[in-house]
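My numbering puts the first residue of the sequence shown at 5, with every later residue one more than the last. Glycine included, every Cβ here is placed at the ideal spot set by N, Cα and C.
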Amino acid sequence: CPVTAADRRPRAPRGAGPGRVTRLARMPTPSARPTRKAVIPVAGMGTRFLPATKAVPKELLPVVDRPALQYIVEEAARAALGEVLMVTGRNKAAIEDFFDRVPELETALEKKGDAARLEAVHASTEVAQVHFVRQGEARGLGHAVLQAAAFVGDEPFAVLLGDDIIDARDHLLEQMLQVQAEHGGSVVALLDVGRENIDKYGAVAVEPGGTDVVAITGLVEKPPVDEAPSSLAIIGRYVLAPEVFDVLRETAPGRGGEIQLTDALATLVERGEPVHGVVFSGRRYDTGDRLDYLKAVVQLASERDDLGPGFRAWLAEFVADLPAAGASEA
Ligand code: G1P
């Protein structure tokens, strides 16, 4: 197989003294370490969807006919991140089953000649090479990401959170990978959620003058509205420098008593490491709570080639018949 420049590059010895690793790791030109791996934390309890999530992980709840998690893995694969690590927890065995082959099902579909469903079943397992690691204890997003250290090694990597589905026609992750290749360091996806909503997210301070790519000067996890540095929120996509692992190991529990990824990124900024934001203005479907989940299902179903025409026609009639907001039915 062809040897690339990255293959020939001497690697920083892993496990050497922390200072040495950090200094060596900063030296390569940013684009010398391509991002190839994605980490998807899936250990959350899904309490907002109880009782459904008593037995089904929230990541497997269907958004139209695919689990929310499949959209996320497909997004990673589209961005050429074919190696995916899921950080799981207890009661998440169904996720491993979902990404495994089911030979009996495939044989049954083959016998029936149901090529379309066979293809859909294949696509769900072949989209990426999926690996699993257990988080052990639920100690926050930063702690979940730290479980990926051995899998990731000494390369930048992406983190995709399952609550946000990004429309396949928008190329947020690809754009973030480009920004990382150009500037090095770490990159987060940002969305202007308005000041009134910023306390639900990681918030950032940015250098003035940027438009869709901004230099981040500070981060704070879920600040009170009147203390937020801006209305720009981190949404669930990150491309992180591997140096974040050393920082996470030393990050004390923060908001909610959890080890926060936002706090580790704030430390990287304080140390002068580049952290950029890509301000997203495309289509995002939030599946994080019940109302947003319903909206996501309706939006995505209405845009499907197969279901969309029939669904839109029905939806238009249904909406026309709805009583106006606030009015009670006679
Ligand atoms: C996490 C992060 C937060 C980020 C959010 C995006 O919070 O800690 O910084 O803004 O994801 O969805 P969570 O939603 O897990 O509370």
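Within the stretch 23 to 95, note down every full beta strand (DSSP E) run reaching 3 residues or more, in order along the chain. As far as the stretch 23 to 95 is concerned, its whole beta strand (DSSP E) runs of at least 3 residues are 41 to 45, 87 to 92.
Since residue 89 and residue 249 should fall inside the 8 Å C-beta cutoff, what is the C-beta to C-beta distance between them, to a whole number of angstroms? For the purposes of this step, residue 89 is taken as the residue at position 85 of the sequence shown. For the purposes of this step, residue 249 is taken as the residue at position 245 of the sequence shown. That belief does not hold up - the Cβ atoms of residue 89 and residue 249 are roughly 13 Å apart, past 8 Å.
Three-way DSSP call (helix, strand, coil) for residue 168 in this model: For the purposes of this step, residue 168 is identified with residue 164 of the sequence shown, where counting begins at 1. Strand at residue 168.
Can you look up residue 349 in the DSSP assignment and give me helix, strand or coil? Beyond the ends of the chain as shown, which are 5 and 334, falls residue 349; an answer cannot be given.
The ligand G1P heavy atoms versus the CB of residue 206: any closer than 7 Å? As a first step, residue 206 is located in the sequence shown; it is residue number 202 there, counting from the start. It does: the Cβ of residue 206 is within 7 Å (strictly closer) of some heavy atom of the ligand G1P.
Give the straight-line distance between the Cα atoms of residue 197 and residue 187, rounded to the nearest whole angstrom. The residue you call residue 197 lines up with position 193 of the sequence shown. The residue you call residue 187 lines up with position 183 of the sequence shown. If I take the Cα positions, the gap works out to 26 Å.
Are the stretch 49 to 60 and the stretch 148 to 168 touching, with three or more C-beta to C-beta distances below 8 Å? no
Going by CA-CA distance only, name the one from 59, 80, 71, 123 that's closest to residue 97. Your numbering for residue 97 matches position 93 in the sequence shown. Checked all of 59, 80, 71, 123; the closest Cα to residue 97 is 59.
Buried or exposed by the 16-neighbour rule on C-beta atoms within 10 Å, applied to residue 31: Stepping through the sequence shown from its first residue, residue 31 is reached at position 27. At residue 31 the pLDDT is 46, less than 50, meaning the model places this residue with poor confidence and gives no usable figure here.
Give the list of continuous alpha helix (DSSP H) stretches no shorter than 4 residues that lie fully inside the stretch 94 to 120. Counting only runs of 4 or more, we get 97 to 102, 107 to 116.
Could you check whether residue 207 and residue 224 sit closer than 8 Å to each other, using their CB atoms as the reference points? For the purposes of this step, residue 224 is identified with residue 220 of the sequence shown, where counting begins at 1. For the purposes of this step, residue 207 is identified with residue 203 of the sequence shown, where counting begins at 1. Contact flag set, yes.
Pick out whichever of 267, 228, 215, 226 has its Cα sitting closest to the Cα of residue 281. Here residue 281 refers to the residue found at position 277 when the sequence shown is read from its first residue. Of 267, 228, 215, 226, the residue nearest in Cα terms is 215.
Between 328, 243, 291, which has its C-alpha nearest residue 160's C-alpha? Translated into positions along the sequence shown, residue 160 becomes position 156. Here the closest residue by C-alpha is 243.
Assigned exposure category for residue 142 - 16 Cβ within 10 Å defines buried: Here residue 142 corresponds to residue number 138 of the sequence shown, with the count starting at 1. It counts as exposed.
So, with DSSP's three-state summary, where would you put residue 190? If you number the sequence shown from 1, residue 190 lands on position 186. Residue 190 falls in the strand class under three-state DSSP.
Is DSSP giving residue 239 helix, strand or coil here? Position 235 of the sequence shown holds residue 239. In the structure shown, residue 239 sits in a strand (DSSP, three-state: E or B).
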